[in-house]
Amino acid sequence: MKRFITRGKHVNSFSFFFRENRFLLLILYPVVAFMSKSTKYIFVTGGVTSSLGKGIVSASLAKLLQARGYAVTIQKLDPYINIDPGTLNPYEHGECFVTDDGAETDLDLGHYERFLNSPTSQANNITTGRIYKNVIEKERRGDFLGKTVQVIPHITDEIKDRIQELAEKNDFDIVITEIGGTVGDIESLPYVEAVRQMMWELEDDCIVIHLTLIPYLSAAGELKTKPTQHSVKALLELGVQPDILCCRTEHPLDLGLRKKIARFTNVSINAVIEAKDASTIYDVPLLMQAEELDVVVLDKLGLSKKQTPDLTEWKDFLDKLKNPKTTIDIALVGKYVELKDAYKSISEAIIHAGVSNDAKVKVHWIQSDNLTEANVASVLGEMNGILVAPGFGSRGIAGKMEAVRFARTQNIPFFGICLGMQCAVIEFARNVLGYSDAHTMEIDPETPYPVISMMEEQKHLKLLGGTMRLGAYACKLKPNSKIYKAYNADQVSERHRHRFEFNGKYTEEFEKAGMIATGKNPETSLVEVVEIPTHPWFVGVQFHPEYKSTVVNPHPLFVGFIEAALNNKK
Ligand code: GLN
Numbered sequence: 004m005k006r007f008i009t010r011g012k013h014v015n016s017f018s019f020f021f022r023e024n025r026f027l028l029l030i031l032y033p034v035v036a037f038m039s040k041s042t043k044y045i046f047v048t049g050g051v052t053s054s055l056g057k058g059i060v061s062a063s064l065a066k067l068l069q070a071r072g073y074a075v076t077i078q079k080l081d082p083y084i085n086i087d088p089g090t091l092n093p094y095e096h097g098e099c100f101v102t103d104d105g106a107e108t109d110l111d112l113g114h115y116e117r118f119l120n121s122p123t124s125q126a127n128n129i130t131t132g133r134i135y136k137n138v139i140e141k142e143r144r145g146d147f148l149g150k151t152v153q154v155i156p157h158i159t160d161e162i163k164d165r166i167q168e169l170a171e172k173n174d175f176d177i178v179i180t181e182i183g184g185t186v187g188d189i190e191s192l193p194y195v196e197a198v199r200q201m202m203w204e205l206e207d208d209c210i211v212i213h214l215t216l217i218p219y220l221s222a223a224g225e226l227k228t229k230p231t232q233h234s235v236k237a238l239l240e241l242g243v244q245p246d247i248l249c250c251r252t253e254h255p256l257d258l259g260l261r262k263k264i265a266r267f268t269n270v271s272i273n274a275v276i277e278a279k280d281a282s283t284i285y286d287v288p289l290l291m292q293a294e295e296l297d298v299v300v301l302d303k304l305g306l307s308k309k310q311t312p313d314l315t316e317w318k319d320f321l322d323k324l325k326n327p328k329t330t331i332d333i334a335l336v337g338k339y340v341e342l343k344d345a346y347k348s349i350s351e352a353i354i355h356a357g358v359s360n361d362a363k364v365k366v367h368w369i370q371s372d373n374l375t376e377a378n379v380a381s382v383l384g385e386m387n388g389i390l391v392a393p394g395f396g397s398r399g400i401a402g403k404m405e406a407v408r409f410a411r412t413q414n415i416p417f418f419g420i421c422l423g424m425q426c427a428v429i430e431f432a433r434n435v436l437g438y439s440d441a442h443t444m445e446i447d448p449e450t451p452y453p454v455i456s457m458m459e460e461q462k463h464l465k466l467l468g469g470t471m472r473l474g475a476y477a478c479k480l481k482p483n484s485k486i487y488k489a490y491n492a493d494q495v496s497e498r499h500r501h502r503f504e505f506n507g508k509y510t511e512e513f514e515k516a517g518m519i520a521t522g523k524n525p526e527t528s529l530v531e532v533v534e535i536p537t538h539p540w541f542v543g544v545q546f547h548p549e550y551k552s553t554v555v556n557p558h559p560l561f562v563g564f565i566e567a568a569l570n571n572k573k
C-alpha cells in the first residue's frame with residue numbers, strides 16, 4: 004500500500020512536471036538522444052594463419068552495415084615497428100596505399116575505400132611504431148612525469164585512444180577495427196590487451212569477430228575444427244571471448260560442424276559464420292549477407308536493423324563483372340609483377356573500368372627486367388593497351404622504356420602512372436628530341452638532360468620516411484585534351500607519392516615536338532599530365548589515379564584507357 008502511494012505520488016509529480024515543461028522537453032529530447040548516442044566498436048582478429056582475408060571480411064561487413072544506413076569506418080592496426088609502410092619494399096608488404104591527407108598506409112585501406120566508396124585518412128591506419136613514437140614523445144614532454152612508462156597502461160591507453168579518436172572526430176556510428184597479424188603473435192599482444200580492456204569498459208558497445216580457418220584434409224575427406232578450437236583458446240587465455248566466428252573454408256560448414264564449433268568456443272550457433280572461398284572479393288558482401296553476419300552483429304550490439312541493405316548498385320556491378328560482352332588484353336609492365344599485391348589498386352581499378360565498359364580485362368603481368376628491344380614486339384604485340392606501373396630505382400627501367408616506345412610507335416593505347424609517366428617523358432626526350440642521354444635524376448644524377456628532376460623542396464631533406472610529395476593536390480586540365488575528356492572537368496584532385504617531377508625547363512621543347520603538358524598544378528605549374536594528341540590514347544600522369552577508383556565510382560582515367568583499348572581492338 005505504502006509503495007503504491009509512493010509510486011502514485013511519483014507519477015503525479017512527474018505528470019505535473021511534464022505538463023509544465025512539455026515544450027522544453029520536446030526541444031531537449033533530440034539533443035539528449037544525440038548526445039547519449041554511443042559509438043559501437045567491432046574488433047576483427049585473426050587466428051590459425053595469416054592471409055585469411057580479414058580486410059575483405061571487415062570491408063564486406065562494413066558494406067552491409069553502411070547499406071542499412073549506418074555511418075561506418077574501418078581501421079587497421081598493424082603490429083610492426085615501422086612508423087608506416089612507406090619505407091617498406093613491396094615484396095615485404097604489397098602496395099603502399101596513399102590517402103588524401105598524405106598518409107602512406109596498408110593496402111587494406113584500399114579495399115575499405117573501394118567497398119565503402121568513402122575516403123580514409125591517417126587515423127585509419129596505426130602501427131606499433133606510431134603508437135610507441137607518440138608515447139615516447141609524451142614521455143619526453145613530461146606528460147607522465149614521475150611515472151614509470153609501461154606497456155600497460157601507457158601503450159594500451161594510446162591504442163585505445165587511437166581507436167576512440169577515430170569515432171569521436173568523425174561521428175561514426177560504428178568503427179570496425181582490424182587487428183593485423185594472428186592471435187598468439189608476440190607483437191600483437193598489446194592490441195589484444197587493449198581490446199580486452201575496451202570490452203570490459205564499454206560492455207555492450209563492443210564485440211569481437213574472430214576470423215579463423217577450417218582446413219579440409221583430403222586424405223580424411225573431412226573439414227577439421229581443431230585449429231579453430233586452439234585459436235579461440237589462445238584468445239581466451241588473453242581474456243577475450245569472441246562473439247562471432249567467421250570460418251574460412253573451402254567446403255560448406257554443415258549444421259553438425261557448426262554445433263561442434265559453437266560447443267567448443269562458447270559462441271552461439273547462429274554466430275558461427277561460414278566464409279567460403281569466393282571467385283571474386285566482390286562476392287564476399289553477398290556471401291556474408293546470406294550468412295546474416297550483419298544481422299548477428301546488429302543483434303549483439305543492440306542496434307536496430309533499420310532497412311534491409313540496398314545493394315542494387317553492387318549487384319549490378321557483380322552481374323556485369325560475371326557477364327562481360329567482350330574480352331581485352333592489357334599489359335601491366337612493372338618490376339614487382341611476381342607479387343600481384345604490389346599493384347593491388349591498379350589491378351582493382353582495371354577491374355572496375357572493365358565492368359564499366361562491359362569488358363573482361365585479361366591483365367598480362369609483364370616483368371620489365373626481361374623486356375628488350377629484341378623481344379618487345381613478341382611480348383606486347385598482341386596487347387590492346389599497355390600500362391607502365393609506378394616504382395622506384397633503376398631496376399627494370401630499360402624495359403619500361405621499351406614498353407613506352409612500342410606503345411608510342413605502334414599506336415597502342417598507353418597509360419603511364421608516376422614512374423610510368425616519367426619513363427614516357429624520358430623515352431620521348433631520347434627518341435623524339437634526340438637527347439640520347441636524357442634521364443631522371445633519380446637514376447642518373449649527372450645526366451646532361453635531366454628531363455625528370457628532383458623537386459626543389461626535396462633537395463634539402465635528410466630523412467626518407469614520410470617525406471615524399473604525398474596526398475591530394477589539385478590539377479588543372481587543358482580543354483580538348485584526352486584527360487579533360489575523360490574527367491569532363493576543369494580541375495581535379497588526385498593523390499601523389501613522388502620526389503621527382505617533369506623538369507619545366509623542357510616544356511616548350513616537348514610541346515613543339517608533340518608531347519603536351521595537359522595537366523598542371525594550379526599554384527606551382529608543376530606538370531602533372533603529359534599526352535601525345537596525335538596518338539590514339541597516350542596519357543602519362545604524375546599522380547596515382549588508382550587510389551581513387553571504387554566499385555560504384557570507377558576511375559574516369561581507367562575507364563578512358565580501357566575504352567581506348569577496346570577501340571584499338573576493333
Ligand atoms: N620514383 C619516382 C619518384 O619518386 C616515381 C615514384 C612513383 O612511381 N610512385 O618521383
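Numbering (our numbering), first residue to last: 4 to 573. Beta carbons: idealized from backbone N, C-alpha and C, even for Gly. Computed from a predicted model, the values in this text were never measured in an experiment.
- The three-state reading of DSSP puts residue 374 in coil, since its state is none of H, G, I, E or B.
- Assignment of beta strand (DSSP E) within the region 162-194, counting only whole runs of 3 or more residues, yields 177-182 in chain order.
- Shown here, residue 487 sits in a helix according to DSSP, grouped into three states.
- Judged by DSSP in its simplified three-state form, residue 319 adopts helix.
- Restricting attention to 480, 503 and 494, the CA atom closest to the CA of residue 542 is found in 480.
- Boundaries for residue 421: no alpha helix (DSSP H) harbours it, and the DSSP string shows neither H nor E there.
- Taking all protein chains in view, the Cβ of residue 429 is crowded by 16 or more other Cβ atoms within 10 Å, so the residue is classified as buried.
- Exposed is the label assigned to residue 145, since fewer than 16 other Cβ atoms lie within 10 Å of its Cβ.
- DSSP links residue 128 through a beta bridge to 79.
- Using a 10 angstroms sphere on the CB of residue 384, the tally of other CB atoms stays under 16, which defines it as exposed.
- Near ligand 1, meaning a beta-carbon closer than 5 angstroms to one of its heavy atoms, we find 393, 395, 421, 422, 500, 501, 502 and 503.
- Comparing C-alpha distances from residue 200 to each of 188, 220, 161 and 230 shows the shortest one belongs to 161.
- In the structure shown, residue 202 falls within a helical segment according to DSSP collapsed to helix, strand and coil.
- Residue 84 places its beta carbon 9 angstroms or farther from that of residue 127.
- By the beta-carbon neighbour count (other beta carbons within 10 angstroms, threshold 16), residue 94 is exposed.
- Unbroken beta strand (DSSP E) runs of no fewer than 3 residues, entirely contained in the region 466-544, are found at 472-480, 494-501, 503-505, 519-523, 530-534 and 541-544, following chain order.
- Given a length threshold of 3 residues, each whole run of the beta strand (DSSP E) inside the region 239-310 is given here in chain order: 247-252 and 275-279.
- In the DSSP assignment, residue 151 falls outside any alpha helix (DSSP H), carrying neither H nor E.
- Burial is judged here by how many other beta carbons sit within 10 angstroms of a residue's own beta carbon; residue 114 has at least 16 and is buried.
- By the C-beta density criterion, residue 362 is buried, having at least 16 other C-beta atoms within 10 angstroms.
- In this structure, 451 is the residue among 227, 451 and 507 with its C-alpha nearest to the C-alpha of residue 438.
- In the structure shown, the three-state DSSP call for residue 390 is strand.
- In the structure shown, residue 453 falls within a strand segment according to DSSP collapsed to helix, strand and coil.
- Pairing residue 486 with residue 422 gives a Cβ-Cβ distance that is not under 9 angstroms.
- C-alpha of residue 538 to C-alpha of residue 141: approximately 57 angstroms in a straight line.
- Contact between the region 507-516 and the region 466-473 is absent: fewer than three C-beta pairs spanning the two stretches fall below 8 angstroms.
- Between residue 278 and residue 294, the C-beta spacing is below 9 angstroms.
- For residue 66, there is no enclosing beta strand (DSSP E); the residue is found in the alpha helix (DSSP H) stretching over 57-70.
- Beta-bridge partners of residue 108 (DSSP): 100.
- Secondary structure of residue 52 (DSSP, three-state): coil.
- In this structure residue 505 is not in contact with residue 444, their Cβ atoms being roughly 12 angstroms apart against a cut-off of 8 angstroms.
- In the DSSP assignment, residue 430 forms no beta bridge with any residue.
- Taking 9 angstroms as the cut-off, the Cβ atoms of residue 100 and residue 112 count as close.
- At a Cβ-Cβ threshold of 9 angstroms, residue 357 and residue 393 do not count as neighbours.
- Going by DSSP, residue 213 is part of the beta strand (DSSP E) stretching over 209-216.
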